[in-house]
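Peer 1: Just passing along the structure, written as C-alpha cells.
Residue numbers (our numbering): 2 to 293.
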C-alpha cells in the first residue's frame, strides 16, 4: 500500500514488527530506569535482560528524548508526507501524550493528529491496525482520525490480562503487600481490564485453569463470527503462557480478520511483571475482510 499518511506509535503498543515494517510505521521508545543505570527500549535493553534485572529491583519508565521525534519528522519530510497520525499510550498511564501534544504544536510543516488511545499494549496498538484498515478502504485522513475517536467512544477495544504472580505488583507498590500475599497463598489471581483509562481488577479467580477459561469466555461472548474483529494474544516470560493461549483461542484465531501473538514489550513488563498472559480484541459492525 502506498500511504498518504505517516504513522507513529510508541513502544508500549505491542504491535507485530511485521506490520510496522510493512507499513513503514515509526515507533518511539521509552526509557527504563534502574538505580544503577538508564536503558532505552528496543536499543539497550531486551526482554531477557529486563527479567534478570527485575529480580533485584523494580524499575520505572520514562519518555524518550524528543530529538528522536525530530529525526522521525525529518524522515517523513523526505517522503513528502504532510499528514501524520500519532497513536499514544493513554495519558493516565504516562505523561507522554500530553508532552508530545505540546511539542507537536510547534511543527507547522505538518498536519499532525495525536490520538490518545486511553489504553496500553495492543489495546493501544489496535487503533493503528484500524487506521491502516480504514486507509486501505479509501478513507481520508480526517475521516480516519474521527473513526478512531468513535471507536474509542464506543469501547470497541477490550483487554483482559491474567497475572500468574502478584510479586511484581507487590514489590512495585502497586498492590498492598498483605492483599497480594494472601492472594498468592490462596492461589487467587486477578483478571485486569482497562477502566476509565487505567488498569482495574475486573475479577478475582482461584486457579490458573479457571483464569484461562475466563479469558476465553470473555472473548467468546463479545464476538460475532460474521463480523470483522481483530485479536491479539500477549504473554510475558517463557513459552508456557504462549502455548496455552494459542490452544485456548484456536477457534477465534482462525476467524479473526487480524491476528497477532506477540510478547509484551519491556515498558509494559515493567508494570505487569514477567508472569502475565492477556488478550485484546476489537469488534466492528462490518462484514469480514481487512484492507491492509
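Ideal Cβ placement from N, Cα and C applies to all residues, glycine included.
Any idea what DSSP makes of residue 32, helix, strand or coil?
Peer 2: Correct three-state label for residue 32: strand.
Peer 1: What span of residues does the alpha helix (DSSP H) with residue 147 cover, start to end?
Peer 2: It spans 142-154 - the alpha helix (DSSP H) in which residue 147 sits, taken as one unbroken run.
Peer 1: Quick check: the Cα distance between residue 230 and residue 224, rounded to an integer number of angstroms?
Peer 2: Cα to Cα, the separation comes out at about 8 Å.
Peer 1: I'd like to know if the region 128-144 and the region 6-21 are in contact, where contact means that at least 3 CB-CB pairs between them fall below 8 Å.
Peer 2: In short, these stretches touch, since the Cβ pair count reaches three.
Peer 1: Residue 65 bridges to which residues according to DSSP?
Peer 2: DSSP, once it has assigned bridges, lists no residue as partnering residue 65.
Peer 1: Within the same chain, show all residues whose beta-carbon is closer than 6 Å to that of residue 116, passing over the 5 residues directly before and after it, in chain order.
Peer 2: So the qualifying residues of the chain are 88 and 149.
Peer 1: In chain order, which continuous runs of the alpha helix (DSSP H) of length 4 or greater are located wholly inside the region 78-121?
Peer 2: Qualifying alpha helix (DSSP H) stretches, in chain order: 97-105.
Peer 1: What does DSSP give as the partner residue(s) for residue 204 in the beta ladder?
Peer 2: Looking at the DSSP assignment, residue 204 forms a beta bridge with 192.
Peer 1: Nearest to residue 65 by alpha carbon, out of 78, 81 and 95?
Peer 2: Comparing Cα positions, the closest option is 95.
Peer 1: Thinking just about the alpha-carbon of each residue, which of 119, 112, 138 and 216 is nearest to the one in residue 199?
Peer 2: Among 119, 112, 138 and 216, the Cα nearest to that of residue 199 is on 119.
Peer 1: Which residues share a DSSP beta bridge with residue 161?
Peer 2: Partner(s): 280.
Peer 1: For the candidate residues 197, 38, 24 and 52, whose alpha-carbon lies nearest to that of residue 269?
Peer 2: Minimum Cα distance to residue 269 is reached at 52.
Peer 1: How do the region 229-248 and the region 274-286 stand: do at least 3 beta-carbon pairs fall below 8 Å, yes or no?
Peer 2: Touching, yes.
Peer 1: Can you tell me which of 54, 49 and 210 puts its alpha carbon nearest to the alpha carbon of residue 34?
Peer 2: Per the Cα distances, 54.
Peer 1: Alpha carbon to alpha carbon, what distance is there between residue 82 and residue 7?
Peer 2: So the two alpha carbons sit approximately 7 Å from each other.
Peer 1: DSSP three-state call for residue 252: helix, strand or coil?
Peer 2: Here residue 252 sits in helix by DSSP.
Peer 1: Answer yes if the region 97-116 comes into contact with the region 35-43, meaning at least three C-beta pairs across the two stretches below 8 Å, and no otherwise.
Peer 2: Contact fails: fewer than three Cβ-Cβ distances are below 8 Å.
Peer 1: Tell me which residue opens and which closes the alpha helix (DSSP H) that residue 210 is part of.
Peer 2: Residue 210 -> alpha helix (DSSP H) spans 209-221.
Peer 1: Report back the beta-carbon spacing between residue 122 and residue 15 to the nearest angstrom; my notes put them in contact at under 8 Å.
Peer 2: So it is a contact: roughly 4 Å between Cβ atoms.
Peer 1: Measure the C-alpha to C-alpha separation of residue 84 and residue 110 and round it to an integer number of angstroms.
Peer 2: Cα to Cα, the separation comes out at about 10 Å.
Peer 1: Using the Cα positions of residue 272 and residue 144, report the straight-line distance between them to the nearest angstrom.
Peer 2: Each residue's alpha carbon lies about 34 Å from the other.
Peer 1: Within a Cβ cutoff of 8 Å, which residues of the same chain sit near residue 137, ignoring the five residues on either side of it in sequence?
Peer 2: Answer for residue 137: 2, 291, 292 and 293, listed in chain order.
Peer 1: Near residue 289, which residues of its chain fall below 6 Å by C-beta distance, leaving aside the five closest residues on each side in sequence?
Peer 2: Counting only Cβ-Cβ distances below 6 Å, and skipping sequence neighbours, we find 229 and 258.
Peer 1: Can residue 232 and residue 260 be called in contact, C-beta distance under 8 Å?
Peer 2: Yes, these two residues count as a Cβ contact at 8 Å.
Peer 1: Taking residue 125 as the reference, which of 287, 266, 286 and 274 has the closest Cα?
Peer 2: The residue with the shortest Cα to Cα distance from residue 125 is 266.
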